Structures are given as C-alpha cells and as structure tokens.
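K.L.:
Residue numbers (full-length UniProt numbering): 5 to 499. Following this message is one structure expressed as structure tokens.
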Ligand code: BG6
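This is how it looks when you write it as structure tokens:
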C-alpha cells in the first residue's frame, strides 16, 4: 500500500514530542522512501517562528534523537522543504481559516485532493477545543480523507475518558480517530502476534492447562525528573498500567483473531479486558500494591527521591511503582494469575513478559540430578534486549546424568542486520495508510479504565503511610515481592 498525497498538521509543533519522536519518525519514513512527493508538514504552536527557525529546531531534534545519528545535509534539506510553520492560537477561528487556506493551496499546487492528518501533540486540556474548532471550520468533514491522532493520556479516569470519547464521537467517526499507545508500535510488541499466530507450536500449550502464570514487567531506571507537573496527577497505574501494560497483557491473552484486520484484532483484545476480573474495594489490598521512590545512588550519581524532584509536591502521595495481580475469567485463563509491575528509578530498564509453564507431571530423575530445577519459561524481551528465549532443561555434558537450564534464543541482533524502525515510524505510517490495527479503539480505552478504577479509588482515598518505600536503584518496594512471593513465585529478571 502506498501513502496518498498527505498533509500532516502537528499541533504542539514546537514541543518535545515533535522534536524527539514525530519529526525524526517522519524523516526516517522519508529516507525510507515511504512518503509521497506530495507531502507537507504544517507545524503549529504559540511561539512565533519563521519556517527556517522551525526547521532548524527540528534539525537539532534529529541530530540529538534520531536512531541513525546526525542528519545527512542533503537528505535533511530535501525533507525540510516539505515543512512549514504557522504560529497560532488554538482558540481562535482565524487559526483554522489559515489551515484551510494552506490545505487548499497545497491541493491546488498538487492538482489533487489530499489526506489531512491532525496530530494533537498537546496537553489533554486542549483536545476538546482543537477538535471542536476543526469541526466548526469544516476541516474534518470528509471522513475518508481526514484523521485525528491523539496522544495519551486519554482521559484521567473512566468518566473523563467516556466524555472525551463522546465528544470525539460527535465530530468524527471511529475510523477517523487514532489513539496512540506507542507500545503497540514497538517491533517486539508487534511480534507477539506473529509469534503466537504464525506458529502452530505454542497455541496448544497457551492456556491454563500448561501455563502456570504470566508476568509482565516494565521497569525503568529513569526518574520522573522535570515531568512532575504531569506525573503527580497521574502515577504509575494511570501512566503505564492502564495503557501499555494492559495492552501487552491483551496481546498475550487474546484469542486468535480470524484475520489481521483492525476491528477483528481489536475485538479480540477488548474481549480480554472485558473478561478480566473486577476488583471489589476490599480486594484491592490483596491484589495491588504501590510504591514511591526515595533518593539513592544510580550509576555512581546521587539521585533525588520523587518528592524532591524539581517542582514536585514534597508530601506527594503519587505512586511511582505499581504491581497488580490480575485474572482473566474465561475458559483459556481461568485461575492463571497475570502479575504486572512497573516503576521508575528501578535497578534496570527492561520490559519483559515471562510465561511460566507448569512443571512436568512426574519427574523421572532423582532430585540430585538438577542443580536448580526450573519449570519451562518463555521470555519475551521487548527492550532493551529484543529477544525471545525458551528456557528448557537439558543434560549437561558429562558422564553423569545432570540437568541444567538452557536457553533457546531468537535474538534480533543476531538474526537481522537491519535496524528496527522506531514505534512512531510504524504508527505514523499507519495513520497515513489508514490502518487502525495498532491503535486504541474507544471501547478498549474505557474497558481498561473500568478495570483499574477500583484500585485508583482505593489508593486515592487512602494515603500511603510508608512513602517513600523503595530507594532508587532497587527493584521496588518489599510489598511487591510479597505480592508474588505469597503465591510461591518471584519476579523474573534477565541475567
Ligand atoms: C510513557 C510514559 O507513555 O512511556 C512514561 O508516560 C514512560 O512515563 C514511557 O517513561 C516509557 O516508554 P518507553 O518507550 O521508553 O518504554
């Protein structure tokens, strides 16, 4: 499929997301030959800038954040010709008249109608006003040719996400709305579907008969840093679990879709969210734990605790770590715990999914043959290592019958020489091609909020007495270990 003539309007054009992710992604798509000749980017923001100043800013962004390093001079200048800047106030009707004029201008020059994508890389309080004004100025009336892309956070809770969906639904059809969850664009995350549904090998084992439990762990070394303004009103549950981790869980737990089309895949994913066991208020303590980091040393440097970060509230009760034990109440997964955890300022940055299989039904080897007897494990490592490992027992070479655990490994680095595209490259290309498979549908977002609301409510109503309860560079609070240790397991990490 090829991208049609396209105009990309980026609200928040002078912002961080554009500099770090959006423009570098569009630049790589350009280098990759994915963009048509008839392609334009209109950046917009409050700061007055000339086109040239805007381009220079974004070149700095590429030089700093591009996955291929500094931009090539010629390639950049060819690409930058497609970019213009318009200073604007999103509240003003004239802003939208100017867009309309520019869009018509391009269409006239190109002698064809263009697809127009409005990318809202702005704070969520601006979503309603921008969407409303786009509609008022009839800029999104053509449901086939115009699309809107929305970044998280998509709502702050169930009610606000419903309101936002309702508002967008009055202006756009669902086919026009692209809700980004950048985890879904990651190469290794997309591969979960390939791995599960293009191989016959795993499906017979992929259920409660053979799987003991699943762990989904997204740990980060980074602290909250300058983001307190946003983060303090969010916390780990909203920031990571409601979206990224639950999406990973859906990919592991979903039934096989009939085909690889957007609604079929998304139907199967929302089925999982709907089947997940709802927490009664009194269950929350048992199944969900939280933490907040204190200061500590990381890689030889002293780092502040969450409450001492710049601009942070010194008595904040916001969690920077959360772990939850979920269940999926359906035939495939009844009784199989899904443990998820995520946190900041942890010992290592790693996103891994561990599928722990059950033990052999009867062991024929004497106990002393295994140094450390382990059940089979499948470890899907999303980042930074990109790999899938199957841990099996094997005989150690030697005259005795001794067993140990070995890994069968598929490693991207060893298998492919080309670099994987960044999540945003995949996702931006999909918005231009009109493919919604890797985007969040409205009902998915609401189902995910619905699931976590009892935890949010319980935590909101009950200040934690023990914060900070883990120090920087640890693996999180003790309560998280206890949550999983009660069931006889421990959190798995790659060596
Ligand atoms: C974002 C969160 O959605 O994802 C951040 O707001 C988090 O707090 C980030 O650090 C993690 O993304 P990645 O791609 O670095 O794993």
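Using N, Cα and C, we set each Cβ at its ideal position, and we do this for glycine too. Given the structure is predicted, the values throughout are model-derived calculations rather than measurements.
(1) Is any heavy atom of ligand 1 found at a distance shorter than 8 Å from the C-beta of residue 226?
(2) Going by C-alpha to C-alpha distance, which of 24, 88, 352 sits closest to residue 44?
(3) Please state if the CB of residue 481 and the CB of residue 295 are separated by a distance shorter than 9 Å.
(4) Does the beta-carbon of residue 412 have 16 or more other beta-carbons within 10 angstroms, so that it is buried, or is it exposed?
(5) On a Cα-Cα basis, can you pick out the residue from 29, 37, 41, 184 that is closest to residue 449?
(6) Thinking residue 348 and residue 228 are a contact (beta carbons under 8 Å), I'd like their distance in whole angstroms, please.
(7) Helix, strand or coil, according to DSSP, for residue 32 in the structure here?
(8) Can you determine whether any heavy atom of ligand 1 sits closer than 8 Å to the C-beta of residue 243, and answer yes or no?
(9) Indicate whether residue 342 and residue 274 have their beta-carbon atoms separated by less than 9 Å.
(10) Could you compute how far the alpha carbon of residue 327 sits from the alpha carbon of residue 248?
(11) Between residue 198 and residue 125, what straight-line distance do the alpha-carbon atoms span, to the nearest angstrom?
(12) Following the continuous beta strand (DSSP E) through residue 121, name the residue where it begins and the one where it ends.
(13) On a CA-only basis, which of 57, 277, 223, 128 is nearest residue 238? Give me that one, please.
(14) Heavy atom of ligand 1 less than 8 Å from the Cβ of residue 92, yes or no?
(15) By DSSP's criteria, residue 45 is part of a beta bridge. Which residues make up the other side?
(16) Can residue 353 and residue 251 be called in contact, C-beta distance under 9 Å?
(17) Kindly identify the DSSP beta-bridge partner or partners of residue 350.
(18) Please report the straight-line C-alpha distance between residue 212 and residue 373, rounded to a whole angstrom.
(19) What does the Cβ neighbour count give for residue 484, buried or exposed, with the cut at 16 atoms within 10 Å?
(20) Cβ atoms of residue 316 and residue 391: under 9 Å apart, would you say?
(21) Tell me which same chain residues have a C-beta within less than 6 Å of the C-beta of residue 208, skipping the five on either side of it?
(22) What are the start and end residues of each continuous beta strand (DSSP E) run of 3 or more residues lying completely inside the region 47-114, in chain order?
(23) Got a sec, what are the start and stop residues for the beta strand (DSSP E) residue 407 sits in?
(24) Taking residue 301 as part of the beta strand (DSSP E), name the residues at either end of that continuous run.
(25) Whose C-beta lies closer than 6 Å to the C-beta of residue 446 among residues of the same chain, with five residues either side of it excluded?
(26) Verify the contact flag: residue 222, CB atom, against every heavy atom of ligand 1, threshold strictly below 8 Å.
(27) Could you tell me how far apart the beta carbons of residue 5 and residue 437 are, in whole angstroms, since I believe they sit closer than 8 Å?
(28) Compute the Euclidean distance between the alpha carbons of residue 324 and residue 310, then round it to the nearest angstrom.
(29) Taking buried to mean at least 16 other C-beta atoms within 10 Å of its own C-beta, is residue 264 buried or exposed?
(30) Do you know how far the Cα of residue 9 is from the Cα of residue 119?
(31) Alpha carbon to alpha carbon, what distance is there between residue 94 and residue 48?
(32) For ligand 1, I want to know if residue 183 counts as a neighbour, meaning its beta carbon is within less than 8 Å of at least one of the ligand's heavy atoms.
(33) Using CA coordinates, which residue listed in 155, 104, 460 is at the minimum distance from residue 321?
(34) My assumption, with CB atoms under 8 Å, is that residue 253 sits in contact with residue 220. Please give the rounded CB distance.
(35) Taking the DSSP output, what are the residues bridged to residue 219?
(36) So what's residue 316 in DSSP terms, helix, strand or just coil?
P.N.:
In short:
(1) For ligand 1, at least one heavy atom lies less than 8 Å from the Cβ of residue 226.
(2) Comparing C-alpha distances from residue 44 to each of 24, 88, 352 shows the shortest one belongs to 88.
(3) Yes, Cβ-Cβ distance for residue 295 and residue 481 is below 9 Å.
(4) Taking a 10 Å sphere around the C-beta of residue 412, we find fewer than 16 other C-beta atoms and assign the residue as exposed.
(5) Nearest option by C-alpha distance: 184.
(6) With a Cβ gap of about 6 Å, residue 348 and residue 228 count as contacting.
(7) Residue 32: helix per DSSP, three-state reduction.
(8) At a cut-off of 8 Å, the beta-carbon of residue 243 counts as near ligand 1: some heavy atom of the ligand is closer than that.
(9) It is not a contact, given that the beta carbons lie outside the stated cut-off.
(10) So the two alpha carbons sit approximately 14 Å from each other.
(11) If you draw a straight line from the Cα of residue 198 to the Cα of residue 125, it is about 30 Å long.
(12) Its beta strand (DSSP E) spans residues 119-124.
(13) Of the listed residues, the one whose Cα sits closest to residue 238 is 128.
(14) Taking the Cβ of residue 92 as the reference point, every heavy atom of ligand 1 lies at 8 Å or farther away.
(15) Residue pairing for residue 45: DSSP places it in a beta bridge opposite 12, 87.
(16) No; because the gap between Cβ atoms is not below 9 Å, this pair is not in contact.
(17) Paired residue(s): 478.
(18) When rounded, the separation of the alpha-carbon atoms in residue 212 and residue 373 is 28 Å.
(19) Classification for residue 484: buried.
(20) Their beta carbons are not under 9 Å apart, which means residue 391 does not touch residue 316 by this criterion.
(21) Within the same chain, residue 208 has no close Cβ partners at all.
(22) DSSP runs (the beta strand (DSSP E)) wholly in the region 47-114: 87-91.
(23) Unbroken beta strand (DSSP E) run through residue 407: 407-415.
(24) Start and end: 300-302.
(25) Excluding positions up to five away in sequence, the list reads 169.
(26) Short note on residue 222: C-beta closer than 8 Å to some heavy atom of ligand 1.
(27) Going by Cβ atoms, the distance from residue 5 to residue 437 rounds to 5 Å, so yes, they are a contact pair.
(28) Here the C-alpha atom of residue 324 lies approximately 8 Å from the C-alpha atom of residue 310.
(29) Per the 10 Å Cβ criterion, exposed.
(30) Whole-angstrom Cα-Cα distance: 6 Å.
(31) In this structure, the straight-line span from the alpha carbon of residue 48 to that of residue 94 is close to 9 Å.
(32) It does not: the Cβ of residue 183 is nowhere closer than 8 Å to a heavy atom of ligand 1.
(33) Selected option, being the one with the closest Cα: 460.
(34) Right, their Cβ atoms sit about 6 Å apart.
(35) In DSSP, residue 219 forms a bridge with 343, 358.
(36) For residue 316, the secondary structure class from DSSP, reduced to helix, strand or coil, is coil.
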